[in-house]
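What follows is a short report on a single structure.
Numbering (our numbering), first residue to last: 4 to 379.
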């Protein structure tokens, strides 16, 4: 399995951790920080160039991407002290850094669209490839991604899709495309939610109309808004997190969500099925990037290399329910995970997906219609 469809630019507010994972793993990451303060410190990074071990590696990341077990293993392997701070959206992370609150951070985990924005803002350091091992072990889609050509400023860490998860016992025939929302809005009243995300929701409507997720055409964006207004009365809410508990409790029949969250719900109740709509959806990637102000470069490279090791990347897949861009990690996964199409969709499915890209001044059009839609 060497590649997964064609890579298109994705740029949205992607892969936010679920509320369930955020609460659970926030406690885990905090535990990892406390453990790190008690460990002996070594002077070298795996025998490589020296680093000041009294200066801990500070990481700013999603809650669902690092926990105490990961921190503990890295610290024991390298002797580097780690401190983890959590955020719940790319925008929260960027705002903190722009406000001057990131002086101690060496690494951040921006989504693909945020990599582009942070490069434009001159916030990310170009990576020294001579210090990184494992770049030759990436799946084809992530060797030279459009959002960061030649991985100049970031290393891909996780990827997934956006789609629909539904109760297979109550929805027959099952939804196969975004159009199902409009065709069955009478039966879905107050039983369906969409993400609280302007670009994902508007993108889904654009796709249903045959347009790009990343349209900059004002007439197409307006058409997507008008289409969404048709289904607006049937929606229970716009939410990125709460839909999971609501589905499991039987309050919803269907929700728009990220693949990693959908897998968690399916594992709790197999009656809930996840699908990527036939007309296409979004393909998101989250990365590891080094800040220009990073105070602990050698430790940061050690962390990147640790995450690119096959066994560590494979463990992340099993632990966090996201797909890995590391080829050799895929080979280590149990067969049932390799064949899990929620995690690893077919090339045919991925060829219909787009990565959400910057839309320039059209963002003002999106935001205007989003305000009208969500306040209706």
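For glycine and all other residues, C-beta sits at the position ideal for the given N, C-alpha and C.
Through-space distance from residue j to residue i, alpha-carbon basis
i	j	result
residue 333	residue 222	43 angstroms
residue 102	residue 96	10 angstroms
residue 252	residue 174	16 angstroms
residue 172	residue 274	7 angstroms
residue 1	residue 360	The structure shown does not extend to residue 1, since the chain is modelled only from 4 to 379, so the question has no answer here.
residue 130	residue 355	31 angstroms
residue 299	residue 93	22 angstroms
residue 373	residue 231	10 angstroms
residue 202	residue 123	20 angstroms
residue 394	residue 307	Coverage of the chain is limited to positions 4 through 379, which leaves residue 394 absent and any answer about it impossible.
residue 107	residue 121	17 angstroms
residue 181	residue 84	47 angstroms
residue 137	residue 318	16 angstroms
residue 245	residue 214	29 angstroms
residue 207	residue 379	19 angstroms
residue 278	residue 368	29 angstroms
residue 51	residue 104	Bear in mind that the predicted position of residue 51 carries a pLDDT of just 35, short of 50, making it too unreliable to give a figure here.
residue 100	residue 302	20 angstroms
residue 144	residue 352	14 angstroms
residue 294	residue 305	15 angstroms
residue 68	residue 263	11 angstroms
residue 76	residue 322	14 angstroms
residue 63	residue 98	13 angstroms
residue 88	residue 310	18 angstroms
Reduced DSSP category for residue i - H, G, I as helix; E, B as strand; rest coil
i	result
residue 180	coil
residue 122	helix
residue 214	coil
residue 400	Absent from the model: residue 400. The displayed extent of the chain is 4 to 379, so no value can be given.
residue 336	coil
residue 275	strand
residue 223	helix
residue 103	coil
residue 345	coil
residue 71	helix
Buried or exposed (CB count within 10 angstroms, at least 16 for buried), residue i
i	result
residue 342	exposed
residue 139	exposed
residue 350	exposed
residue 113	buried
residue 366	exposed
residue 79	exposed
residue 260	buried
residue 337	exposed
residue 348	buried
Residue nearest to residue i in terms of C-alpha spacing, selected from the options
i	options	result
residue 229	85, 174, 371	371
residue 250	353, 268, 242	268
residue 156	125, 166, 373	125
residue 282	351, 301, 244, 211	211
residue 240	161, 107, 204	204
residue 335	78, 325, 314	314
residue 324	216, 276, 301, 270	270
residue 272	290, 247, 291, 295	247
residue 141	328, 337, 376, 377	328
residue 71	86, 60, 216	86
residue 159	166, 165, 148	148
residue 195	217, 134, 242	242
residue 376	254, 225, 217	225
residue 116	184, 311, 290	290
residue 154	76, 234, 118, 216	118
residue 128	321, 296, 362, 337	296
residue 135	178, 312, 193	312
residue 82	348, 235, 58	58
residue 363	330, 218, 347, 309	218
Contact belief for residue i with residue j at Cβ below 8 angstroms, rounded distance in angstroms
i	j	result
residue 258	residue 168	6 angstroms
residue 358	residue 150	7 angstroms
residue 345	residue 256	Contact doesn't hold; Cβ gap of about 19 angstroms is too wide.
residue 163	residue 287	6 angstroms
residue 292	residue 111	6 angstroms
residue 133	residue 60	Wrong, their Cβ atoms sit about 20 angstroms apart, outside the cutoff.
residue 166	residue 280	6 angstroms
residue 237	residue 191	5 angstroms
residue 320	residue 177	Not really, about 26 angstroms apart at Cβ, beyond 8 angstroms.
residue 184	residue 234	5 angstroms
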